[in-house]
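Novice: This is the structure I want to talk about, given as structure tokens.
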Amino acid sequence: AQSVAQPEDQVNVAEGNPLTVKCTYSVSGNPYLFWYVQYPNRGLQFLLKYITGDNLVKGSYGFEAEFNKSQTSFHLKKPSALVSDSALYFCAGAADSNYQLIWGAGTKLIIKP
Amino acid sequence: KAGVTQTPRYLIKTRGQQVTLSCSPISGHRSVSWYQQTPGQGLQFLFEYFSETQRNKGNFPGRFSGRQFSNSRSEMNVSTLELGDSALYLCASSLAATNEKLFFGSGTQLSVL
């Protein structure tokens, strides 16, 4: 069965420090991988995607993610965290055969001043 | 360009009743998908429609149904409401069938008493 896992329910980072939110996947074929962010009381917003090409993908708000095929991972990163980055982050994946998105459970990111 | 619009924003129902939620996608988007979000279960996929056809369906009971109209607007219906149906229901639209970028609405918060 296909799956996307976010092993951390919550990640705490001090403002100005680098942050990483982890995601691993088990998707057949060539995976499509995504990160979405949900700010309090709002819908989800697209951050970035990996379809093909360069393994390092850059997205909105200074975020980037690295596709690692051997480790089946797609971790979200940012060099310097802002308090405003505090939100719920979802990783999602899809097989290129049916494009049905499979979602991780979400990781709550808390950036402390 | 208007975003994804979901109505109503809040809804309170009692057990046994039925409810219909509405979603208007971004103009030109032909794919609409529905999700249930709860604090304990995360983001659960309900179903996806593309050009009025249901493409994919999640693991929800038959009480949950949906449809898409020729103008791409979509509705989901939940019959015989249960307390456990209390959740935030999110709708997302996408330009292409590949779901490479979803645009989410703010959701309908359903409370079942």
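So the sequence lines, in the order shown, correspond to chains R and F. Position one of the first sequence corresponds to residue 925 (the working numbering), numbered consecutively onward. Position one of the second sequence corresponds to residue 177 (the working numbering), numbered consecutively onward. Even for Gly, the Cβ is constructed at its ideal location relative to N, Cα and C. Quick caveat: nothing in here was measured; it's all calculated off a predicted structure.
Quick check on the DSSP output: what are the complete beta strand (DSSP E) runs of length 3 or more inside the region 202 to 239 of chain F, in order along the chain?
Specialist: For the region 202 to 239 of chain F, whole beta strand (DSSP E) runs of length 3 or above, ordered along the chain, are 207 to 214, 218 to 226 and 229 to 233.
Novice: Mind checking if Gly953/R is an interface residue toward chain F, Cβ cutoff 9 Å exclusive?
Specialist: One-based indexing of the first sequence puts residue 953/R at position 29. Not an interface residue.
Novice: For Lys982/R, which residues in the same chain have their Cβ closer than 8 Å to its Cβ, ignoring the five residues on either side in sequence?
Specialist: Residue 982/R sits at position 58 when you count from the first residue of the first sequence. Result list for Lys982/R: Leu972 and Glu988, in chain order.
Novice: How close, in whole Å, do the beta carbons of Ser950/R and Gln926/R come, if the pair is a contact with beta carbons under 8 Å?
Specialist: For the purposes of this step, residue 950/R is taken as residue 26 along the first sequence, with counting starting at 1. For the purposes of this step, residue 926/R is taken as residue 2 along the first sequence, with counting starting at 1. Contact holds; Cβ gap of about 6 Å.
Novice: Can you name, in chain order, every residue of its own chain whose Cβ lies under 6 Å from the Cβ of Ser241/F, other than the five neighbours on each side?
Specialist: Taking the first residue of the second sequence as 1, we reach residue 241/F at position 65. Excluding positions up to five away in sequence, the list reads Asn253.
Novice: Leaving out five residues before and five after Gln272/F in sequence, what residues of the same chain have Cβ atoms less than 6 Å from its Cβ?
Specialist: Mapped onto the second sequence, residue 272/F falls at position 96. Strictly speaking, residue 272/F in this sequence is Ala, with Gln absent from that position. Excluding positions up to five away in sequence, the list is empty.
Novice: The beta strand (DSSP E) spanning Gly1017/R covers which residue range?
Specialist: Counted from its first residue, the first sequence places residue 1017/R at position 93. Counting along the chain, the beta strand (DSSP E) containing Gly1017/R begins and ends at Ala1011 to Ala1019.
Novice: Closest by CA to Ile1035/R, which one among Pro931/R, Ala929/R, Thr944/R and Val928/R?
Specialist: Taking the first residue of the first sequence as position 1, residue 1035/R is located at position 111. Taking only the C-alpha atoms, the option nearest Ile1035/R is Thr944/R.
Novice: Comparing C-alpha positions only, which one of Ser262/F, Arg231/F and Arg243/F sits nearest to Cys199/F?
Specialist: Stepping through the second sequence from its first residue, residue 199/F is reached at position 23. Cys199/F has its Cα closest to that of Arg243/F, out of Ser262/F, Arg231/F and Arg243/F.
Novice: Could you confirm whether any beta carbon from chain R is found closer than 9 Å to the beta carbon of Arg206/F?
Specialist: Mapped onto the second sequence, residue 206/F falls at position 30. Judged by the 9 Å Cβ criterion, Arg206/F is not in contact with chain R.
Novice: Within a Cβ cutoff of 7 Å, which residues of the same chain sit near Tyr963/R, ignoring the five residues on either side of it in sequence?
Specialist: Within the first sequence, numbered from 1, the residue matching residue 963/R stands at position 39. Ala1011, listed in sequence order.
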